[in-house]
(Lines of atoms letter the chains of each structure in order from A and count residues from 1; the text may use other names and numbers.)
(Lines give C-alpha, C1' and ligand atoms only; values in the text may rest on other atoms or scores of the structure.)
Protein backbone atom coordinates (compact mmCIF):
# COMPACT_ATOMS: atom_id res chain seq x y z
CA UNK A 1 0.00 0.00 0.00
CA UNK A 2 2.90 2.37 0.75
CA UNK A 3 4.39 1.89 -2.72
CA UNK A 4 1.02 2.49 -4.33
CA UNK A 5 0.56 5.64 -2.25
CA UNK A 6 4.01 6.88 -3.26
CA UNK A 7 3.26 6.26 -6.95
CA UNK A 8 -0.06 8.10 -6.69
CA UNK A 9 1.59 11.04 -4.93
CA UNK A 10 4.19 11.38 -7.69
CA UNK A 11 2.02 10.92 -10.76
CA UNK A 12 -0.97 13.02 -9.73
CA UNK A 13 -1.56 16.58 -10.93
CA UNK A 14 -1.88 18.01 -7.41
CA UNK A 15 1.71 19.34 -7.06
CA UNK A 16 1.24 21.26 -10.31
CA UNK A 17 -2.00 22.86 -9.10
CA UNK A 18 -0.55 24.07 -5.79
CA UNK A 19 1.46 27.01 -7.25
CA UNK A 20 -1.69 28.29 -8.97
CA UNK A 21 -3.54 27.94 -5.69
CA UNK A 22 -0.79 29.87 -3.89
CA UNK A 23 -1.05 32.70 -6.44
CA UNK A 24 -4.83 32.82 -6.02
CA UNK A 25 -4.46 33.02 -2.26
CA UNK A 26 -1.82 35.74 -2.61
CA UNK A 27 -4.17 37.98 -4.59
CA UNK A 28 -7.22 37.16 -2.47
CA UNK A 29 -8.50 39.37 0.37
CA UNK A 30 -6.80 36.96 2.77
CA UNK A 31 -3.41 38.45 1.91
CA UNK A 32 -4.82 41.96 2.40
CA UNK A 33 -5.60 41.21 6.05
CA UNK A 34 -1.93 41.16 7.02
CA UNK A 35 -2.09 44.61 8.58
CA UNK A 36 0.29 45.50 11.43
CA UNK A 37 -2.56 45.26 13.95
CA UNK A 38 -2.97 41.54 14.53
CA UNK A 39 -5.63 39.74 16.54
CA UNK A 40 -5.32 36.00 16.91
CA UNK A 41 -9.03 35.34 16.47
CA UNK A 42 -9.21 37.30 13.22
CA UNK A 43 -6.14 35.64 11.78
CA UNK A 44 -7.29 32.14 12.80
CA UNK A 45 -10.65 32.75 11.14
CA UNK A 46 -8.83 34.10 8.05
CA UNK A 47 -6.87 30.85 7.78
CA UNK A 48 -10.14 28.94 8.05
CA UNK A 49 -11.60 31.24 5.39
CA UNK A 50 -8.94 30.15 2.93
CA UNK A 51 -11.00 26.97 2.56
CA UNK A 52 -13.28 28.98 0.26
CA UNK A 53 -10.48 28.86 -2.29
CA UNK A 54 -8.66 25.69 -1.24
CA UNK A 55 -11.78 23.51 -0.89
CA UNK A 56 -13.00 23.72 -4.50
CA UNK A 57 -9.48 23.00 -5.74
CA UNK A 58 -9.30 19.95 -3.47
CA UNK A 59 -12.68 18.73 -4.71
CA UNK A 60 -11.82 19.33 -8.36
CA UNK A 61 -8.47 17.57 -8.24
CA UNK A 62 -9.96 14.64 -6.33
CA UNK A 63 -12.80 14.32 -8.85
CA UNK A 64 -10.31 14.49 -11.70
CA UNK A 65 -8.20 11.71 -10.22
CA UNK A 66 -11.20 9.56 -9.31
CA UNK A 67 -12.44 9.55 -12.88
CA UNK A 68 -9.00 9.05 -14.44
CA UNK A 69 -9.39 5.33 -15.14
CA UNK A 70 -12.76 5.72 -16.80
CA UNK A 71 -11.67 8.72 -18.88
CA UNK A 72 -8.71 6.78 -20.24
CA UNK A 73 -10.88 3.72 -20.88
CA UNK A 74 -8.89 1.52 -18.51
CA UNK A 75 -11.83 -0.06 -16.69
CA UNK A 76 -11.26 -3.53 -18.16
CA UNK A 77 -7.53 -3.38 -17.50
CA UNK A 78 -8.03 -2.24 -13.91
CA UNK A 79 -10.65 -4.93 -13.33
CA UNK A 80 -8.12 -7.62 -14.22
CA UNK A 81 -5.41 -6.50 -11.79
CA UNK A 82 -4.90 -8.55 -8.64
CA UNK A 83 -5.20 -5.54 -6.33
CA UNK A 84 -8.52 -4.66 -4.77
CA UNK A 85 -10.10 -1.66 -6.57
CA UNK A 86 -10.96 -0.06 -3.23
CA UNK A 87 -7.29 -0.12 -2.27
CA UNK A 88 -6.25 1.74 -5.39
CA UNK A 89 -9.08 4.25 -4.95
CA UNK A 90 -8.09 4.78 -1.32
CA UNK A 91 -4.45 5.32 -2.29
CA UNK A 92 -5.47 7.86 -4.92
CA UNK A 93 -7.66 9.76 -2.48
CA UNK A 94 -5.06 9.65 0.31
CA UNK A 95 -2.38 11.04 -2.01
CA UNK A 96 -4.67 13.88 -3.08
CA UNK A 97 -5.81 14.74 0.41
CA UNK A 98 -2.23 14.51 1.65
CA UNK A 99 -1.02 17.14 -0.81
CA UNK A 100 -3.96 19.45 -0.12
CA UNK A 101 -3.71 19.06 3.66
CA UNK A 102 0.03 19.72 3.51
CA UNK A 103 -0.65 22.88 1.52
CA UNK A 104 -3.28 24.03 4.04
CA UNK A 105 -0.95 23.36 6.98
CA UNK A 106 1.89 25.23 5.26
CA UNK A 107 -0.45 28.15 4.61
CA UNK A 108 -1.51 28.14 8.26
CA UNK A 109 2.10 28.03 9.47
CA UNK A 110 3.13 30.95 7.27
CA UNK A 111 0.07 33.06 8.03
CA UNK A 112 0.12 32.42 11.77
CA UNK A 113 3.90 32.82 11.85
CA UNK A 114 3.45 36.34 10.50
CA UNK A 115 0.78 36.88 13.14
CA UNK A 116 3.15 35.73 15.88
CA UNK A 117 5.55 38.51 14.99
CA UNK A 118 2.79 41.15 14.95
CA UNK A 119 0.50 40.19 17.85
CA UNK A 120 1.28 41.76 21.20
CA UNK A 121 -0.92 39.60 23.45
CA UNK A 122 -3.12 36.52 23.38
CA UNK A 123 -2.52 33.15 21.82
CA UNK A 124 -3.53 31.08 18.84
CA UNK A 125 -7.05 29.71 18.65
CA UNK A 126 -6.79 26.19 17.26
CA UNK A 127 -10.44 25.41 16.53
CA UNK A 128 -10.78 27.51 13.35
CA UNK A 129 -7.55 26.12 11.92
CA UNK A 130 -8.53 22.51 12.66
CA UNK A 131 -12.05 23.10 11.32
CA UNK A 132 -10.52 24.41 8.09
CA UNK A 133 -8.32 21.33 7.79
CA UNK A 134 -11.34 19.07 8.28
CA UNK A 135 -13.21 21.08 5.65
CA UNK A 136 -10.38 20.59 3.13
CA UNK A 137 -10.45 16.83 3.78
CA UNK A 138 -14.24 16.71 3.39
CA UNK A 139 -14.16 18.75 0.17
CA UNK A 140 -11.61 16.33 -1.22
CA UNK A 141 -13.74 13.37 -0.17
CA UNK A 142 -16.87 14.86 -1.73
CA UNK A 143 -15.04 15.55 -4.98
CA UNK A 144 -13.62 12.03 -5.04
CA UNK A 145 -17.04 10.46 -4.51
CA UNK A 146 -18.54 12.59 -7.28
CA UNK A 147 -15.66 11.65 -9.57
CA UNK A 148 -16.17 7.96 -8.90
CA UNK A 149 -19.90 8.14 -9.61
CA UNK A 150 -19.70 10.36 -12.69
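Residue numbers (our numbering): 539 to 688. We put the beta carbon where it would ideally sit given N, CA and C, even for glycine. Every value quoted in this text rests on a predicted model; they were computed, and no experiment measured them.
The C-alpha of residue 626 is placed about 19 Å away from the C-alpha of residue 598. In summary, residue 581 is buried, with 16 or more beta-carbon neighbours lying within 10 Å of its beta-carbon over all protein chains present. Nearest to residue 575 by alpha-carbon distance, out of 653, 631, 554 and 553, is 653. Judged by DSSP in its simplified three-state form, residue 582 adopts helix.
By the Cβ neighbour-count rule, residue 661 is exposed, with fewer than 16 other Cβ atoms within 10 Å of its own. The C-alpha of residue 578 is placed about 11 Å away from the C-alpha of residue 667. Scanning its chain for C-beta atoms nearer than 6 Å, with the 5 sequence neighbours on each side dropped, one finds around residue 630 the residues 546 and 603, in chain order. Annotation: the continuous alpha helix (DSSP H) that includes residue 673 extends over 664-687. Measuring C-alpha to C-alpha distances from residue 591 to each of 605, 544 and 641 identifies 641 as the nearest.
For residue 664, the closest alpha carbon among the candidates 558, 544, 551 and 584 is that of 584. Scanning its chain for C-beta atoms nearer than 8 Å, with the 5 sequence neighbours on each side dropped, one finds around residue 605 the residues 685, 686 and 688, in chain order. Distances from the CA of residue 677 to each of 595, 560 and 636 were compared; the closest alpha carbon is that of 595.
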